[in-house]
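Here the sequence shown is numbered in my numbering, starting from 21 and rising by one per residue. No residue lacks a Cβ here, since even glycine has one placed at the ideal position from N, Cα and C. Every value quoted in this text rests on a predicted model; they were computed, and no experiment measured them. Scroll down for the structure; my scribbles are underneath it.
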Amino acid sequence: MFVSLRSPADFLAVYRTGTRSRKGGLLVIQAKRDDGIPRLGFVAGKKVGNAVQRNRAKRRMREAARRVDLPSGFDIVLVATAEVNDAAFPTLVDWLSDLLEANRMKIEGKRS
Numbered sequence: 021m022f023v024s025l026r027s028p029a030d031f032l033a034v035y036r037t038g039t040r041s042r043k044g045g046l047l048v049i050q051a052k053r054d055d056g057i058p059r060l061g062f063v064a065g066k067k068v069g070n071a072v073q074r075n076r077a078k079r080r081m082r083e084a085a086r087r088v089d090l091p092s093g094f095d096i097v098l099v100a101t102a103e104v105n106d107a108a109f110p111t112l113v114d115w116l117s118d119l120l121e122a123n124r125m126k127i128e129g130k131r132s
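Structure representation (structure tokens):
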């Protein structure tokens with residue numbers, strides 16, 4: 021379960037302070053915050069395609085986020101490229117799972 025990031029200020033805070041990882045057609049930016057339900061934002065720029073393709077990419081990312089174990093206490097922004105619409109859905113879920121784990125390892129490494 022997650023809550024959507026909505027305000028531009030929240031997105032900007034994640035972009036400025038977050039840890040980035042990219043795999044396949046997905047970029048994950050993850051920023052630590054106080055404990056609580058994870059907040060997610062979904063971005064698909066014009067390079068992904070027309071409005072139909074951008075919305076499809078966001079829907080696919082949203083569903084993939086529902087199927088992975090999201091870490092609590094994080095703000096996360098998922099950024100799509102055109103590959104998100106072409107990839108098989110299980111592949112997309114694997115990308116997201118791997119990226120969340122990679123970011124978690126980076127963030128824990130910074131605190132040590």
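When the beta-carbon positions are compared, residue 100 and residue 78 come within less than 8 angstroms of each other. DSSP, read as helix, strand or coil, puts residue 22 in coil. Rounded to whole angstroms, the Cβ separation of residue 45 and residue 102 is 7 angstroms, and the two are in contact under 8 angstroms.
It is roughly 20 angstroms from the alpha-carbon of residue 60 to the alpha-carbon of residue 71. Counting of Cβ neighbours within 10 angstroms places residue 92 among the exposed residues, the total staying below 16. If you look at residue 30, you'll find it in the alpha helix (DSSP H) that goes 28-37. Taking C-beta separations shorter than 6 angstroms and ignoring five residues to either side along the sequence, the partners of residue 119 in its chain run 41, 43, 48, following chain order.
Within the region 71-109, the complete beta strand (DSSP E) segments at least 3 residues long are 94-100, listed from N- to C-terminus.
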